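Residue numbers (my numbering): 2 to 83. Ideal Cβ positions, reconstructed from N, Cα and C, are used throughout, including at glycine. Everything numeric in this text was worked out from a predicted model, so none of it was measured.
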Amino acid sequence: MLIKPCHSCAQPVYHAEQVLAGGKVYHNACFLCNVCNKRLDSRSLNEHNNMIYCNFCYKEFFGPSGYGFGSLQLRKQNNTVN
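Written out as structure tokens, the structure reads:
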């Protein structure tokens with residue numbers, strides 16, 4: 002049986018402690034957001050350029066931004082044109 006290295010720490014990962022995500026192997030303890038170190042699971046995992054992120058950090062760094070996003074949309078909906 003081949004023991005693969007953890008994508009995060011490069012140490013060997015034994016079957017009992019492995020987490021598989023995006024075709025990569027991680028230790029359960031290494032399966033953390035690259036920014037805030039929050040523990041990840043299948044519902045909170047986002048990947049960008051071979052790095053893993055929680056939903057919040059992924060949205061903050063890679064989500065939509067700029068003109069037309071956020072509170073401006075709410076103001077447009079509340080204004081009425083006569």
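query                                                                                                                                                     : result
Out of curiosity, what's the CA-to-CA distance linking K1 and C34?                                                                                        : Outside the displayed range of the chain (2 to 83) lies residue 1, so it cannot be described from this structure.
Would the beta-carbon of C7 fall within 8 angstroms of that of V36?                                                                                       : no
So, helix, strand or coil for K39, using DSSP?                                                                                                            : coil
Helix, strand or coil: which one does DSSP assign to N84?                                                                                                 : There is simply no residue 84 to check, as the chain begins at 2 and stops at 83 in what is shown.
May I ask you to report which of helix, strand or coil DSSP gives H28?                                                                                    : strand
Kindly give me the distance between the Cβ atoms of S43 and C55, rounded to whole angstroms, as I take these residues to be in contact under 8 angstroms. : Going by Cβ atoms, the distance from S43 to C55 rounds to 12 angstroms, so no, they are not a contact pair.
Helix, strand or coil: which one does DSSP assign to N83?                                                                                                 : Since pLDDT at N83 reaches only 44, below the 50 mark, its modelled position is unreliable, and the value read off the structure follows with that caveat. Three-state DSSP puts N83 in coil, outside helix and strand.
I need the boundaries of the beta strand (DSSP E) containing L21, first residue and last residue.                                                         : 19 to 22
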